[in-house]
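Here is the structure we will look at, set down as structure tokens.
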Amino acid sequence: MRARLLLAGVLLLALALRLYQLDFGLPSLNDPDEPVFVMTALDMLREGRLNPGWFGHPATLLFYLLALIAAGVAAVGLAAGSWTDTSGFAQAVFADPGTVVLPMRVLSALLGTLSVWLTWRLGRSVAGPRAGLIAALLLAVCALHVDYSQVVRTDMLATVLMTGSLLHALSIARGGSVQDHLLAGIAAGLACATKWPAVLVLVAPAAATLWRLHDDRRAWRWLPVAPLLAAVTLVVTSPYLLLDWPVVLRDLGGEARPVHLGATGFGLVGNLGWYLGHPLRESFGIAGLALLTIGCAAVWRQRAAAVVLLPTAAVLLLALAAQALVWARWMVPLLPIAAVLVALGIETVARGHRIAVPAVALLLAGTMGREALAHVAARTDDPRQAASAWVLANLPPGRTLLVEHAAFDLLRYQGRLLFPMGSAGCIDVRAALRRAPSHASVNQARTGRAIVDLGNVAPDRLSTCHADYAVLSNVARYRVEARKFTQQNIVYQRYLTRYVRVAAFTRGELNIEVYERSSVARAER
1 MRARLLLAGV
11 LLLALALRLY
21 QLDFGLPSLN
31 DPDEPVFVMT
41 ALDMLREGRL
51 NPGWFGHPAT
61 LLFYLLALIA
71 AGVAAVGLAA
81 GSWTDTSGFA
91 QAVFADPGTV
101 VLPMRVLSAL
111 LGTLSVWLTW
121 RLGRSVAGPR
131 AGLIAALLLA
141 VCALHVDYSQ
151 VVRTDMLATV
161 LMTGSLLHAL
171 SIARGGSVQD
181 HLLAGIAAGL
191 ACATKWPAVL
201 VLVAPAAATL
211 WRLHDDRRAW
221 RWLPVAPLLA
231 AVTLVVTSPY
241 LLLDWPVVLR
251 DLGGEARPVH
261 LGATGFGLVG
271 NLGWYLGHPL
281 RESFGIAGLA
291 LLTIGCAAVW
301 RQRAAAVVLL
311 PTAAVLLLAL
321 AAQALVWARW
331 MVPLLPIAAV
341 LVALGIETVA
351 RGHRIAVPAV
361 ALLLAGTMGR
371 EALAHVAART
381 DDPRQAASAW
391 VLANLPPGRT
401 LLVEHAAFDL
411 LRYQGRLLFP
421 MGSAGCIDVR
431 AALRRAPSHA
441 SVNQARTGRA
451 IVDLGNVAPD
461 RLSTCHADYA
471 VLSNVARYRV
481 EARKFTQQNI
491 VYQRYLTRYV
501 RVAAFTRGEL
511 NIEVYERSSV
521 ARAER
């Protein structure tokens with residue numbers, strides 16, 4: 001009973017942290033990729049189609065879940081008389097994205113909490129009930145895990161499915177059953193239908209099956225089962241990967257970029273160092289990394305667990321490090337394994353001391369929890385919202401304002417709003433929203449451009465971006481990486497020759513600058 005109560009407490013803590021300030025930024029969308037997932041799900045609902053039409057992640061399974069949520073919100077609104085048809089629902093969403101984004105974020109928070117529960121099961125299976133509880137607690141308060149449990153993205157769903165596959169692989173290594181082989185493959189296929197690199201979790205059932213060869217020489221017959229089931233599950237879940245393969249190739253090409261603002265990598269060794277020294281260290285702290293190292297050695301006492309967890313983690317980490325870009329979110333699927341190994345490290349260091357194990361675990365969890373709350377505070381005190389508040393308080397009505405981020409909170413401003421849209425130049429925001437744009441039309445305008453901002457507007461369309469004021473989110477970031485983004489910096493310099501900066505709002509790496517058009521041109525630098 002005591003163990004169940006402790007687990008319930010950990011899960012409630014995990015859920016509370018993920019629901020806390022879940023409406024951050026709304027109605028604006030601060031995460032640059034949230035609009036991709038939200039708009040695609042809305043398009044599927046509006047057009048009554050199962051083909052997402054975008055396969056960059058590929059995110060198919062997530063799109064279906066988001067479309068169901070959007071349908072539920074639409075049905076409730078219809079019953080309440082908030083809108084009369086699908087068109088009215090779309091207009092309501094584009095006036096206030098929080099209408100659907102908040103319930104979609106709730107899904108992410110629930111998936112994050114489910115991930116904590118699965119980590120408890122994984123830790124319990126590896127090293128016993130206490131280790132499972134410690135692992136769950138550490139993941140519950142892990143800042144990176146909380147961060148991506150609060151946005152509409154593929155990371156949390158993929159993490160849940162990959163951890164499920166790991167659990168069945170661990171059962172395979174210990175003898176297992178036919179069901180474990182089948183479910184390990186199905187979970188891996190669903191994970192791949194959510195996020196492409198998740199297919200690498202198939203290393204786990206493969207390693208487990210090979211480990212079984214020392215007890216059963218016929219175990220090799222099970223090697224192809226999980227990969228075959230994963231492939232079948234992927235195709236059944238996302239048949240349009242085959243039916244719409246030209247679009248798949250287009251989107252994969254768009255995702256494979258050698259450089260990206262703020263995310264260009266440092267080579268294999270440099271990337272490994274970055275992942276260990278930034279997202280992993282910031283998640284567990286230096287003490288947590290030391291305990292993780294101890295856990296990696298200690299897990300060999302549980303050979304079946306070691307041959308499943310360590311090769312899987314190593315392959316995933318090397319695959320991430322081999323990419324041209326580095327993203328903290330790519331580490332999220334590795335966090336359950338890391339939490340289990342840290343818990344095992346705590347058990348090893350404090351073994352034989354009844355009070356020491358929970359004391360060390362609580363001390364580390366407290367430190368991690370403070371970091372998670374600091375991340376939440378940063379999200380709720382975003383300079384983009386500060387810039388919007390300044391604009392609404394200081395700009396006279398009737399002016400033209402250019403914004404680079406999804407500043408839906410500026411729809412209250414009584415003036416013309418412009419937004420940069422790649423090859424289309426700068427578009428009138430209100431006119432575009434009245435048409436309830438599709439993700440396909442937006443994606444077409446941004447083709448070949450990683451980011452939608454002023455620096456990526458086609459040079460021959462820059463004249464469409466003239467405004468009395470400009471709220472720029474990325475100009476400072478491009479200055480820092482001027483050598484990598486020469487063309488974008490040239491565009492900003494040309495545009496700003498007749499502008500003066502009148503306000504700036506900074507927090508961390510975010511630097512939002514507000515410019516006012518001047519009658520006197522400045523010399524280009």
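Heads up: the sequence shown begins at 1 in the UniProt record's numbering, then just goes up one per residue.
By construction, the Cβ of each residue, glycine as well, lies at the ideal position given by its N, Cα and C atoms.
- Contact between Val326 and Ala263 holds, since their C-beta atoms are separated by about 6 angstroms, short of 8 angstroms.
- Using a Cβ distance threshold of 8 angstroms, Ala204 and Leu166 count as a contacting pair.
- Judged by DSSP secondary structure, Asn394 falls within the alpha helix (DSSP H) whose first and last residues are Pro383 to Asn394.
- Between Ala338 and Leu418, the C-beta spacing is not below 8 angstroms.
- Per DSSP, Val403 is one residue of the beta strand (DSSP E) stretching across Thr400 to Val403.
- Selection Ala482, Asp381 and Asp96 evaluated against His260 yields Ala482 as nearest (Cα-Cα).
- In the DSSP assignment, Val299 falls outside any beta strand (DSSP E), carrying neither H nor E.
- DSSP, reduced to helix, strand and coil, places Arg370 within a helical segment of the structure shown.
- The continuous beta strand (DSSP E) containing Val500 extends over residues Tyr499 to Arg507.
- Its chain contains Ser423 as the residues whose beta carbon lies nearer than 6 angstroms to that of Ala458, once the 5 sequence neighbours on both sides are disregarded; these appear in chain order.
- When the Cα atoms are used, Leu45 and Arg477 turn out to be separated by approximately 36 angstroms.
- The residues Ile134, Leu137, Leu138, Ala343 and Ile346, in chain order, have a CB closer than 8 angstroms to that of Ala361 in the same chain once the five nearest residues on each side in sequence are set aside.
- Counting other Cβ atoms within 10 Å of its Cβ, Ile355 stays below 16 and is therefore classed as exposed.
- Per DSSP, reduced to three states, the secondary structure at Pro58 is strand.
- According to the DSSP assignment, Ile186 belongs to no beta strand (DSSP E) but to the alpha helix (DSSP H) extending over Val178 to Cys192.
- With 16 or more other Cβ atoms from the protein chains shown falling within 10 Å of its own Cβ, Pro58 counts as buried.
- Annotation: Pro333 is outside any alpha helix (DSSP H) and is labelled neither H nor E by DSSP.
- Distances from the alpha-carbon of Tyr64 to those of Asp85, Val76, Leu42 and Gly77 put Leu42 closest.
- In this structure, the alpha-carbon of Cys296 lies about 12 angstroms from that of Gly288.
- Nearest to Val491 by alpha-carbon distance, out of Asn511, Leu454 and Ala470, is Leu454.
- Asp251 is a Cβ neighbour of Gly56, given a cutoff of 8 angstroms.
- Assignment of Asp85 by DSSP, reduced to helix, strand and coil, places it in the coil class.
- Relative to Thr237, the option among Asn271, Gly273 and Pro52 whose CA is nearest is Pro52.
- Here Glu282 is near Glu371, since their CB atoms are less than 8 angstroms apart.
- DSSP, reduced to helix, strand and coil, places Asn30 outside both helices and strands of the structure shown, so it counts as coil.
- When Leu210, Ala230, Asn443 and Leu291 are compared, the shortest CA-CA separation from Cys192 is found for Ala230.
- Where Ala204 is concerned, the enclosing alpha helix (DSSP H) starts and stops at Val203 to Arg212.
- Inclusion of Val146 and Leu17 in the CB contact set at 8 angstroms is warranted, their separation being smaller than that value.
- By the neighbour-count criterion, in which a residue is buried when 16 or more other Cβ atoms sit within 10 angstroms of its Cβ, Ile286 is exposed.
- With fewer than 16 other Cβ atoms inside 10 Å of its own Cβ, Asn394 counts as exposed.
- Sixteen is the threshold: since fewer than 16 other Cβ atoms of the shown chains lie within 10 Å of the Cβ of Trp220, the residue is exposed.
- Three or more beta-carbon pairs separated by less than 8 angstroms link the region 403-413 to the region 374-390, which places the two stretches in contact.
- In the DSSP secondary-structure assignment, Ile427 is bridged to Phe419.
- If you look at Val475, you'll find it in the alpha helix (DSSP H) that goes Val475 to Val480.
- Non-local C-beta neighbours of Pro227 in its own chain, meaning closer than 7 angstroms and more than five positions away in sequence, comprise Gly185 and Leu202, ordered along the chain.
- Residue pairing by DSSP places Val471 opposite Val403 and Val514 in a beta bridge.
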